[in-house]
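See below for the structure under consideration.
Numbering (the numbering used here), first residue to last: 45 to 174.
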């Protein structure tokens, strides 16, 4: 179920890249961090940076390994792939689904820690040549 709100900058959500994208673009459903400012009104778009558990090879200055506390559902190292930033419709975004100890599901929006967000901003500048 897509979100019904415009996400805040730093929100970690799930993005469905399944439709309309082709390799080597990001594909499949994956976590992302919102890097654009929150819009009060507008076309329902936001810019996101994909997150991946696959270590980049080679690691470039526009890749950032998140701190262990940044994305609690992760089972290992997570990388922000800032060279793959993309603007998507909010209809592609959903909250992160986590399974509780009692078997129920809960949908959450995590917030990227400030230090990681600053590093992602710097990586975006490098990736975009700014």
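Where is the CB? At the ideal position from N, CA and C, for every residue including glycine. Treat the numbers as computed from the prediction; the structure is a model and nothing was measured.
By the CB criterion at 8 Å, residue 92 and residue 73 fall outside the cutoff. Contact between residue 108 and residue 126 holds: their C-beta atoms lie close to 7 Å from each other, under 8 Å. For residue 164, the uninterrupted alpha helix (DSSP H) run begins and ends at 158-172, by DSSP. Ranking 105, 156 and 168 by CA distance to the CA of residue 130 puts 168 first.
Assignment of residue 55 by DSSP, reduced to helix, strand and coil, places it in the strand class.
In the DSSP assignment, residue 143 falls within the beta strand (DSSP E) that extends over 140-143.
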